[in-house]
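If you use the numbering used here, the sequence shown corresponds to residues 18 to 432, in order. Every residue, glycine too, gets a C-beta built ideally from N, C-alpha and C. The block underneath contains the structure these notes are about, expressed in structure tokens.
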Amino acid sequence: MPRPLRAAVATLALLLVTACNSASTGGSTASSARGVTADTIKVGGIVSMTTASGYSKKDTDLGARARYDRANAEGGVNGRRIEYLGAEDDGQDPARNLAAARKLVQRDQVFAVAPMSSVTFAGADFLDAQKVPTVGWGTLPSFCGPPHAYGFNGCLVPTPGGTLNQTWPESLAAVLGGARGRSVALIAGDNDAGKFGIRTFTQGFRAAGFQVPYAKAVVPATSMPSDWSAYTKEILRSGPGGRAPDAVVSVMQTPYNIGLFTALKRSGYRGVISDPTDYDPGLLAKDATKQALDGVYVLLQFQPFESDSPAMRQFKEDVKKAAGGREIPLNMHMVTGYMSADLFLSIASKAGKDLTVASFQKAADGFSDTGTLVGDRALPMGKKESFGCGALVRLKNGAYEVAVPFRCYPPIPFG
Numbered sequence: 018m019p020r021p022l023r024a025a026v027a028t029l030a031l032l033l034v035t036a037c038n039s040a041s042t043g044g045s046t047a048s049s050a051r052g053v054t055a056d057t058i059k060v061g062g063i064v065s066m067t068t069a070s071g072y073s074k075k076d077t078d079l080g081a082r083a084r085y086d087r088a089n090a091e092g093g094v095n096g097r098r099i100e101y102l103g104a105e106d107d108g109q110d111p112a113r114n115l116a117a118a119r120k121l122v123q124r125d126q127v128f129a130v131a132p133m134s135s136v137t138f139a140g141a142d143f144l145d146a147q148k149v150p151t152v153g154w155g156t157l158p159s160f161c162g163p164p165h166a167y168g169f170n171g172c173l174v175p176t177p178g179g180t181l182n183q184t185w186p187e188s189l190a191a192v193l194g195g196a197r198g199r200s201v202a203l204i205a206g207d208n209d210a211g212k213f214g215i216r217t218f219t220q221g222f223r224a225a226g227f228q229v230p231y232a233k234a235v236v237p238a239t240s241m242p243s244d245w246s247a248y249t250k251e252i253l254r255s256g257p258g259g260r261a262p263d264a265v266v267s268v269m270q271t272p273y274n275i276g277l278f279t280a281l282k283r284s285g286y287r288g289v290i291s292d293p294t295d296y297d298p299g300l301l302a303k304d305a306t307k308q309a310l311d312g313v314y315v316l317l318q319f320q321p322f323e324s325d326s327p328a329m330r331q332f333k334e335d336v337k338k339a340a341g342g343r344e345i346p347l348n349m350h351m352v353t354g355y356m357s358a359d360l361f362l363s364i365a366s367k368a369g370k371d372l373t374v375a376s377f378q379k380a381a382d383g384f385s386d387t388g389t390l391v392g393d394r395a396l397p398m399g400k401k402e403s404f405g406c407g408a409l410v411r412l413k414n415g416a417y418e419v420a421v422p423f424r425c426y427p428p429i430p431f432g
């Protein structure tokens, strides 16, 4: 066969193969973006699966997988299936967090990291420099402003010029019959998340009308105290006239809370105790843990599991499927993973078939939706403020009950 004819035949064959491939993927085209092919989007996660204190967020991975599984069952994102690699364990260690980010980008070639849930985010600058869309729980400053990072419920640690979510102060005011004349003691771990939490919640509780005589991030973050007496003595004398405060608010993780709350109760404290982490039926298996958390009001930034909204019913169905059809105890980490995945999927869907970092960022600018597990969402507002919704649940007689229903509160300026 003459060379010109052979070349023409080869070209025709290539065109036919290309056409067949296009037809087999529903018309999707390959992308130049890292981690995106004609029919897949590669996504990974970073989660504190293990920690020195024994606290684990491992179910964040299950929650994310549940949401990605449903997306794939419904046809993927604009014809592309989500290839979820699972979550890397950072051990709540900054060096491991950065190493996990590097692995996901440089070795695994992911398009996005969703979820990212840890008290450390040492990999934030690297991921942003590599233009990797990252979605997680916005409890750290790295979710508040950098172009490629998104908090699934907005920015919870705002920078000056942003706003503060008032769910916790306003909800506790409802429990106490008002904030006027009431005092609150705030305590946190000696780490970045703890320090920022103390700063923001101090302003929030004062703005709601509370006195805040004690607000310290002093508990060692890497070594849980065996004796809490030094902390409880100071807290119990911090209220007006050297009396106990009306409420003690802990911005710490479960093992620390169990130690602190047990010590407070043994000291005779009868005021309100509250934290943002201990909404987990799995914690009730041990009598000592159940006693320590009994009566504690837990802040939720999503609809309580006890609600019967369409979004909550869908969440429960998705998690059960991801767990192999088994009924398993639900916890807030599942919601963290699920809603991180949900926000990523919602923005990626809006970006269209030509999915690139640029198209994802363009879709995020002006994105909004309603009726989710975290309320109404809007970007770029979520870069500077939270979505402003939440509830309080209380552990009573071995079961959780809704103490203050899920609702959205007007934010206040942060300065």
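Judged by DSSP secondary structure, THR279 falls within the alpha helix (DSSP H) whose first and last residues are 271-283. VAL149 is not a Cβ neighbour of PHE218, given a cutoff of 9 Å. Counting only runs of 4 or more residues that sit fully inside the region 167-202, the alpha helix (DSSP H) segments are 184-193, in chain order. If you look at LYS59, you'll find it in the beta strand (DSSP E) that goes 57-64. Taking a contact as a CB-CB distance under 8 Å, the pair LEU189 and TYR273 does not count as one, their CB atoms being some 20 Å apart. Its chain contains ASN182, CYS425, TYR426, PRO428 as the residues whose beta carbon lies nearer than 6 Å to that of GLY405, once the 5 sequence neighbours on both sides are disregarded; these appear in chain order. The region 272-286 makes contact with the region 233-249: 3 or more CB pairs, one atom from each, lie closer than 8 Å. For LYS338, same chain residues with a beta-carbon under 8 Å away, outside a window of 5 residues either side, are ALA83, ASP86, ARG87 in chain order. Residue nearest to SER135 within the set GLY178, TYR72, ALA202 is TYR72 (criterion: CA-CA distance). Burial is judged here by how many other beta carbons sit within 10 angstroms of a residue's own beta carbon; ALA305 has fewer than 16 and is exposed. The Cβ-Cβ distance between GLY399 and GLN220 does not fall below 9 Å. The C-beta separation of ARG394 from LEU362 comes to about 12 Å, leaving the pair out of contact by the 8 Å criterion. Pairing PHE222 with TRP185 gives a Cβ-Cβ distance under 9 Å. By the 16-neighbour rule on beta-carbons within 10 angstroms, ALA261 is buried. The criterion of a C-beta distance shorter than 9 Å is satisfied by ALA50 and LEU372. Distance from GLY52 to VAL127 at the Cβ level is roughly 5 Å; contact confirmed, criterion being Cβ atoms closer than 8 Å.
Annotation: GLY140 is outside any alpha helix (DSSP H) and is labelled neither H nor E by DSSP.
Sequence-distant partners of ILE364 (beyond 5 residues in either direction) whose C-beta falls short of 7 Å from its own C-beta, in its chain, are PHE377, ALA380, ALA381, PHE384. Note: MET356 is not bridge-paired with any residue in the DSSP secondary-structure output. Scanning GLY92, ARG216, GLY155, ASP107 for the CA closest to the CA of SER403 turns up GLY155. Contact between the region 320-332 and the region 118-127 is absent, with fewer than three C-beta pairs closer than 8 Å. When ALA232, LYS367, MET356, TYR417 are compared, the shortest CA-CA separation from PRO321 is found for TYR417.
Pairing ASP292 with GLY96, the inter-Cα distance amounts to about 42 Å. Nearest neighbour of PHE169 by Cα position, chosen from TYR296, MET351, GLY288, turns out to be MET351. Here LYS74 is buried. Its C-beta has 16 or more other C-beta atoms within 10 Å.
Only residues of its own chain outside the window of five on either side were considered, and among them GLY206, ASP207, ASN208 have a CB closer than 6 Å to the CB of ALA238, listed in chain order. Checking the DSSP bridge columns, you'll see ILE364 has no partner listed. Excluding its 5 nearest sequence neighbours in each direction, GLY415 has C-beta neighbours in its own chain below 7 Å: LEU301, LYS307, listed in chain order. Around the beta carbon of ARG113, 16 or more other beta carbons sit within 10 angstroms, so the residue counts as buried. The C-alpha of PHE138 is placed about 35 Å away from the C-alpha of ARG254.
The C-alpha of ASP145 is placed about 47 Å away from the C-alpha of SER284. In this structure, PHE143 keeps its C-beta atom at 9 Å or more from the C-beta atom of LEU102. Here VAL266 is buried: its Cβ has 16 or more other Cβ atoms, across all protein chains shown, within 10 Å.
Ranking ALA202, SER65, GLY162, LEU79 by CA distance to the CA of PHE227 puts ALA202 first.
Straight through space, the alpha carbons of VAL419 and GLY259 are spaced by roughly 32 Å. Of VAL94, ALA90, THR67, the smallest CA-CA separation from THR57 is found for VAL94.
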